[in-house]
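2 protein chains.
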Amino acid sequence: MRRIDQIEPFRVMQLLERAKQLEAAGRRIIHMEIGEPDFPTPAAVIAEAHRQLDRGDNFYTPSTGNPALQQALADWYAREYNVSVAPERILITPGSSGAFSLLYAVLLEAGESVLLSDPGYPCQRNFIRLAGGCPINIPVGPETRYHLSAELLERHWRDDTRAAVVINPSNPTGTLICDDALTAIAAYCRAHGGHLISDEIYHGLTYGVRARSALEFDDQAIVVNGFSKRWAMTGWRIGWVIVPEALIDACRRVMQNIFIAAPTLSQYAAIAALGATEATEAMRRAYDERRRFLLDTLPALGFDIVVEPQGAFYIYANVRRLTDDAPSFCRELLECAGVAITPGEDFGRYRAREHVRFSYATGLDDIQCGISRISAFLNSRES
Amino acid sequence: MRRIDQIEPFRVMQLLERAKQLEAAGRRIIHMEIGEPDFPTPAAVIAEAHRQLDRGDNFYTPSTGNPALQQALADWYAREYNVSVAPERILITPGSSGAFSLLYAVLLEAGESVLLSDPGYPCQRNFIRLAGGCPINIPVGPETRYHLSAELLERHWRDDTRAAVVINPSNPTGTLICDDALTAIAAYCRAHGGHLISDEIYHGLTYGVRARSALEFDDQAIVVNGFSKRWAMTGWRIGWVIVPEALIDACRRVMQNIFIAAPTLSQYAAIAALGATEATEAMRRAYDERRRFLLDTLPALGFDIVVEPQGAFYIYANVRRLTDDAPSFCRELLECAGVAITPGEDFGRYRAREHVRFSYATGLDDIQCGISRISAFLNSRES
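For the protein sequence lines, the chains are A and B, in the order given.
This note's numbering puts the first residue of the first sequence at 1, with every later residue one more than the last.
This note's numbering puts the first residue of the second sequence at 1001, with every later residue one more than the last.
Right, here's the structure in full:
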């Protein structure tokens, strides 16, 4: 099979397309399938973007990023995590997606492998395949809070393995990894000459607990993050990756070629984001309210939440009590009840047909309406 | 050799770094090495960006692009080239760099080859290597205006060749390809089951002649373009690629994964660029004035310009009369005369050591000063 034929579409896109058809036909659809903040970008960022536009500098920044943003992020890591990171280790990328393209280009040779959790962020597999690498999907369940562990690495690590990816908090499960587990994974990767890649894009969106950066446990960990989620800046396409000193040169060479540089305006506006804590805290509180509502209502409807999600804006639910075919269930829910949620198959294969993901990146009113509709739908199925 | 070790840095970056050192030490350096417009982005684009910021939509566009921009570009192709392109064939990418990452991900399997001209845009080779493919660099000279030809394709095409790339106008030579040559190349690619990729990023920057799109000759040609050069919008990171209908689905799948989408603000502001013809025409006239000055002065100094460049903002000169080692010559010119130009080795291997590239993306005053300095430098060397 050619590489391009191994690149899977997001299955939720078909659902989304159908949802749009229904909306075009006059139906009101409740969107709990989308992983994009429903909030506008903080006002301080918009204001800074206006100022930057007026300054008239729309030229390329250095390939590795606007030095002022690199420095601002280094300061932020000191404040946020109490870790010291040299600014030149912080590479500014077009979204965290850009960071992954970059990393796999630098780390992988054709056929080399990367360990991933199943379920996990679906693009990971495709980033690796596009770089000619081999994703190894490791089934994970409630026993590890849906995360990799050193034991799982031990069982699946191969001679050609170059890295293991931890998404913390996890997409799709919203669960955080335990400190001990993260420490052990970092140590395992180091001892076997590989890299821990910690995807921290949902940091700052945690509830009742603080997510810890892999850099707090291992200063050689590779950390990916970005402004899309916590700062509601998806369309700005601005992320970063922190790499060990030894990788900077190789990364720079790849960045010069494939990006030239990340968007200039975004690279200036993002500096203002780092100070917009009131705005981000307001969003976080709103997400938490929605999360608690869903945690209170979903189990009684038959959606089992085995590990309480403490981060991101997702709830991963087992639907075995409701169906043995989650994709069909999702389609039916959309057609009959006008509620869009994502079937587990978008995130992997392991027990995918008995899981769905709810996103609460949509207003509480809509979520409440969605739950009523789901309830009515399930009742009508029973009768 | 690992793939990452095959990714060459831009050698001009070392030169640029040294130039910055000299500037930090108080020297004034004339920059004729950089391929980035020295003009600000047109005012109409800035104004539209302000409006878009106030509209508050910073969310993702569809992966293949903002439909309004796709439609505006389709209309622009009708006006500019008199060709009809369905908007959904126009895929919006993060710069034209993004377009090439996308194309090689879609077209290539590990080890498959792409035909390139040597000299040519250096990133091309690296895009192909990063996708696991094999760049075949074909020496070209004045006899084909530094472009590929159907005869050269015939000689170098292999069973595993999937595409040939024409950069028109060329970087680094500024020369345009003849209509007949382009037609013959398109026909050759088609007949051999491959793709013609026409890099048209310097369209609109031509002098006394109009560059023609490959789509005028073959509606199945793949065309890459972007807003960086003609519209002086480098930092906005916005380009596009026009693909045959049959490739749209595969491209969409890759775009969903590796980009999610191009920057939203840029995708709206760019629509205004397409109407800013007065601003782009003023820039074009300024470039032409600089070009004519250089064409008038360089040959007498010993820089031989074999084919008159009619496009882009580059002049590719043979320096055989001055040196047998262009890289050393460029370093010396920087150290002794404070003038930065790019050695030919950044663009390939073929006769690279006897060529240099002048960029005239810098003000006429600076260019005049640069030429005086070069003249003095050459005189001092002789005496």
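Quick reminder that beta carbons are idealized off the backbone N, C-alpha and C, glycines included.
Nearest to residue i (by Cα), restricted to the options the options
i, options, result
"Gln220(A)", "Val209(A), Ile185(A), Leu205(A)", "Ile185(A)"
"Trp1157(B)", "Arg1055(B), Arg1129(B), Arg1190(B), Gly1174(B)", "Arg1190(B)"
"Glu388(A)", "Phe59(A), Asp179(A), Glu245(A), Glu80(A)", "Residue 388(A) lies beyond the stretch modelled for chain A, which goes from 1 to 383, so this question has no answer here."
"Phe358(A)", "Ile222(A), Phe293(A), Thr277(A), Arg381(A)", "Phe293(A)"
"Asn1168(B)", "Thr1144(B), Leu1022(B), Tyr1287(B), Ile1092(B)", "Thr1144(B)"
"Ala1300(B)", "Ala1376(B), Arg1252(B), Tyr1360(B)", "Ala1376(B)"
"Tyr1104(B)", "Phe1010(B), Ala1131(B), Tyr1081(B), Ser1117(B)", "Ala1131(B)"
"Asp1118(B)", "Glu1112(B), His1147(B), Ile1092(B), Leu1333(B)", "His1147(B)"
"Val165(A)", "Val45(A), Val224(A), Tyr207(A)", "Val224(A)"
"Tyr350(A)", "Tyr77(A), Phe217(A), Pro122(A)", "Pro122(A)"
"Glu154(A)", "Gly133(A), Thr234(A), Leu378(A), His192(A)", "His192(A)"
"Tyr316(A)", "Gly133(A), Val306(A), Arg284(A)", "Val306(A)"
"Leu16(A)", "Ile7(A), Ile29(A), Ala25(A), Arg381(A)", "Ile29(A)"
"Gly1065(B)", "Ser1372(B), Gly1302(B), Ser1101(B), Met1255(B)", "Met1255(B)"
"Phe1303(B)", "Thr1323(B), Arg1381(B), Arg1290(B), Arg1284(B)", "Thr1323(B)"
"Ile7(A)", "Ser1380(B), Leu1102(B), Leu1274(B)", "Leu1102(B)"
"Gly1239(B)", "Phe1100(B), Ile1367(B), Asn1137(B), Asp1179(B)", "Phe1100(B)"
"Leu1265(B)", "Cys1330(B), Phe1059(B), Phe1259(B)", "Phe1059(B)"
"Pro1287(B)", "Asp1366(B), Arg1321(B), Gly1348(B)", "According to the sequence displayed, residue 1287(B) carries Tyr and not Pro. Cα-wise, what sits closest to Tyr1287(B) is Asp1366(B)."
Partners in chain B for residue i, counting only beta-carbon separations shorter than 8 Å
i, result
"Ser372(A)", "Within 8 Å Cβ-Cβ: nothing; Ser372(A) doesn't reach chain B, min ~27 Å."
"Asn171(A)", "Chain B residues near Asn171(A): none, gap ~13 Å exceeds 8 Å."
Residue i and residue j closer than 8 Å at C-beta
i, j, result
"Ala269(A)", "Trp236(A)", "yes"
"Ala110(A)", "Ile90(A)", "no"
"Asn171(A)", "Asn1257(B)", "no"
"Pro139(A)", "Gln124(A)", "no"
"Thr1061(B)", "Ala1261(B)", "yes"
"Leu205(A)", "Ala312(A)", "yes"
"Gln310(A)", "Leu182(A)", "no"
"Leu295(A)", "Glu308(A)", "yes"
"Ile1128(B)", "Val106(A)", "no"
"Ala1276(B)", "Pro1040(B)", "no"
"Pro1343(B)", "Arg1018(B)", "no"
"Val458(A)", "Ala163(A)", "Since the displayed chain A opens at 1 and closes at 383, residue 458(A) lies outside it and no answer follows."
"Ile1092(B)", "Leu1069(B)", "yes"
"Pro37(A)", "Arg1253(B)", "no"
"Asn1318(B)", "Glu1354(B)", "yes"
"Leu1333(B)", "Ile1371(B)", "no"
"Glu112(A)", "Asp160(A)", "yes"
"Leu1152(B)", "Gly1133(B)", "no"
"Thr314(A)", "Gly174(A)", "Note that residue 314(A) is Tyr in the sequence shown here, rather than Thr. Cβ distance < 8 Å, so Tyr314(A) and Gly174(A) count as in contact."
"Tyr1188(B)", "Ala1232(B)", "no"
Interface partners of residue i on chain E, CB under 9 Å
i, result
"Gln70(A)", "The structure shown contains no chain E; the protein chains it does contain are A and B."
Cross-chain neighbours of residue i in chain A, by beta carbon under 8 Å
i, result
"Ser1101(B)", "Ser101, Ile258"
"Ala1110(B)", "Arg3, Ala110, Gly132"
Under 7 Å by beta carbon: chain A residues contacting residue i
i, result
"Tyr1060(B)", "Glu36, Thr234, Gly235"
"Gly1095(B)", "Ile260"
"Ser1266(B)", "Pro263"
"Thr1041(B)", "Asn58"
"Ala1049(B)", "Leu53"
Amino acids of chain B, ordered along the chain, whose beta-carbon sits closer than 9 Å to that of residue i
i, result
"Glu345(A)", "What Glu345(A) touches in chain B: nothing, since even the nearest Cβ is about 16 Å away."
"Ile46(A)", "Leu1053, Asp1054, Gly1056, Asn1058"
"Ala250(A)", "Ile1004, Asp1005, Ile1007"
"Cys178(A)", "The premise fails here: Cys178(A) is roughly 30 Å from chain B at the closest Cβ pair, so nothing lies under 9 Å."
Listed by chain order, chain A residues near residue i by CB distance under 9 Å
i, result
"Asn1126(B)", "Arg253, Val254, Gln256, Asn257, Ile258"
Listed by chain order, chain B residues near residue i by CB distance under 7 Å
i, result
"Phe10(A)", "Gln1256"
"Val106(A)", "Ile1004"
"Ile7(A)", "Arg1253, Val1254, Asn1257"
"Cys123(A)", "Asn1257"
* Asked: Does the region 1333–1341 of chain B come close enough to the region 1191–1211 of chain B to have 3 or more Cβ pairs within less than 8 Å?
  -> no
* Which ranges would you report for the beta strand (DSSP E) in the region 309–367 of chain A if only whole runs of at least 3 residues count? -> 314–318, 355–359
* To do: Return the chain-ordered ranges of every beta strand (DSSP E) run that is complete within the region 145–177 of chain A and spans a minimum of 3 residues.
  => 161–167
* **Sufficient close CB pairs (3 or more, under 8 Å) joining the region 94–104 of chain A to the region 224–232 of chain A** => yes
* Asked: Is the number of C-beta pairs between the region 24–43 of chain A and the region 1276–1288 of chain B that are closer than 8 Å three or more?
  -> no
* Please specify which runs of the alpha helix (DSSP H), each continuous and at least 4 residues long, are wholly inside the region 178–265 of chain A, giving them in chain order. => 179–191, 248–258
* Counting pairs of beta carbons, one from the region 1042–1052 of chain B and one from the region 1346–1365 of chain B, are three or more of them closer than 8 Å? -> no
* Ranges of the alpha helix (DSSP H) found wholly within the region 36–101 of chain A, counting only runs of at least 4 -> 43–55, 67–81
* Complete beta strand (DSSP E) runs within the region 1098–1134 of chain B (minimum length 3 residues, chain order) -> 1113–1118
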